[in-house]
Amino acid sequence: MHRRSFLALVSATAAATTLAACQTGPSGDSGASASSPSGAGSSGSAAGAFPVTIKHALGSTTIEQKPTRVATLGWSDADMVLALGVVPVGCPKITWGGNKNESTDSFDKALAKMGGQQPTRYSDADGAPVDEIAKLRPDLILATNSGVTKEEYARLSKIAPVVAYPGEAYGTSWQDGVKLAGQALGLEGKAKQVTAATEKAIRDAVAKYPAIKGKTASWLMIQPTDLSKFAAYTTLDNRPRMLENLGMKNAPIVTQLSKGKKTFSVDISSEKASTLDADVVVFYIEKPGEEKTFTSHPLIGQIPALKDGAYVATLEPGESYFMSSPTPLTIPEGLPRLLPKLQAAATKAK
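The sequence shown maps to residues -20 to -1, 1 to 330 in mature numbering (1 follows the signal peptide of the UniProt record, and there is no 0).
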């Protein structure tokens, strides 16, 4: 997994479904112009029927028959597949926020409930590992929240149908990720159920923390090695999106800085720290107590939310992985960790 993230409980639902059998299927693809997330979609004779054609940013992919050997790329597709009851044959190693299995605890718990075996893990740190994926003989490659390039897409398409991201690379929401996985696997009905159950889990969890609702927020990246500036994640990133899912609003400055941008974060001079108009700010720290370096800084410490104590300093990556890579598996696991801290910060907002 790329470390792009730093820079730039539906487990039960998954467990209730049966494991898919293994077989190999054909592939098909034709080039097309890029489409936006709202324009991404599939065509077929009926829901769950094949062949199905899915449009995405790198083309238009036709899946001739129901896939059963699925390989994934990028941050979240392995979780999406597993949440729909299908164990992937291969997926990327989780090196940022992962466990000893180079997986995540939420993935492993869901997999154990299904009685499945760990998929083959490969590194995508230097790009798509085409040869390693080919050895697994997949009949579908899901890369809906990845950084797959046009060249990699062309090579991968010789192995199996490839469903890439619908808009910007790494910019796919968890809702769109579930939807695309459901379309590709012929499980659109299940995908709707999983999405609805996840959204309900969010609503139920947030209801216990009423101070959060309606507060403006900004997720920041502050580097202790360079305090002349800091960065705010844009609305293209899943972190601000998840804060919105929790009932918060993006701070006006985040919305303003996100306009016309195709980047996941924008730099802000520390001299303008006092203009960051967010009720609550969230940021990573690499070790306990590191936030004191920021709150005591003569410039960065002028961020209003820092002055008010209305902030969440979250240890990366374990405490905040689910916000970087939200899925139906990670969200229910991560909410109990983050929501109490957001509530405490929100009550201090002025």
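In this text, a Cβ means the ideal position worked out from N, Cα and C, and glycines have one as well.
Check your understanding: At which residues does the alpha helix (DSSP H) containing P284 begin and terminate?
Key -> Taken as a continuous stretch (DSSP letters only), the alpha helix (DSSP H) holding P284 covers P284 to D288.
Exercise for review: List the endpoints of the continuous alpha helix (DSSP H) containing M303.
Suggested key: Y301 to S304
Point to revise | Residue(s) in a DSSP beta bridge with H36 | key: G39
Practice item. Note down, in chain order, each residue of its chain lying with its Cβ closer than 8 Å to the Cβ of I182, except the 5 sequence neighbours on either side. Key: N225, L226, I311 and L315
Exercise for review: Return the bridge partner residues of W199 from the DSSP annotation.
Suggested key: V262
Practice item. Tell me the start and end of each unbroken alpha helix (DSSP H) in the stretch 57 to 90 that is at least 4 residues and wholly inside, in chain order. Key: 57 to 63
Practice item. Tell me whether N125 sits in a helix, a strand or coil according to DSSP, three-state version. Key: coil
Point to revise | L165 to G65 span [Cα, whole Å] | key: 10 Å
Exercise for review: Note down, in chain order, each residue of its chain lying with its Cβ closer than 6 Å to the Cβ of S238, except the 5 sequence neighbours on either side.
Suggested key: T214 and T215
Check your understanding: How close, in whole Å, do the beta carbons of T41 and V143 come, if the pair is a contact with beta carbons under 8 Å?
Key -> 5 Å
Practice item. Please report the residue range of the alpha helix (DSSP H) in which K180 lies. Key: E168 to V186
Review point. For L(-2), does the count of other Cβ atoms within 10 angstroms reach 16, so buried, or fall short, so exposed?
Key: At L(-2) the pLDDT is 34, less than 50, meaning the model places this residue with poor confidence; the figure from the coordinates comes in the next sentence. Result: exposed.
Exercise for review: Note the first and the last residue of the continuous beta strand (DSSP E) segment covering F210.
Suggested key: K209 to Y213
Review point. Looking at the unbroken alpha helix (DSSP H) that takes in S238, where does it start and where does it end?
Key: P232 to S238
Point to revise | Beta-carbon proximity list for A326, same chain, < 6 Å, skipping 5 on both sides | key: Spatial neighbours of A326 in its own chain (CB-CB distance under 6 Å, excluding positions within 5 residues in sequence) are listed in chain order as A191, I192, K195 and V260.
Point to revise | Span of the alpha helix (DSSP H) around D156 | key: It spans W154 to L165 - the alpha helix (DSSP H) in which D156 sits, taken as one unbroken run.
Practice item. From the DSSP output, in three-state form, read off T52 for me. Key: strand
Exercise for review: Could you tell me if S10 is buried or exposed, where buried requires 16 or more neighbouring beta carbons within 10 angstroms of its beta carbon?
Suggested key: Below a pLDDT of 50, predicted positions are generally treated as unreliable, and S10, at 36, falls in that range; the measurement from the model is reported next regardless. Exposed is the call here.
Check your understanding: From E299 to E270, what distance separates their C-alpha atoms?
Key -> 15 Å
Check your understanding: Nearest to A329 by alpha carbon, out of K241, F302 and L286?
Key -> Here the closest residue by C-alpha is L286.
Exercise for review: Assign Q163 to buried or exposed, taking buried as 16 or more other Cβ atoms, counted over all protein chains shown, within 10 Å of its Cβ.
Suggested key: buried
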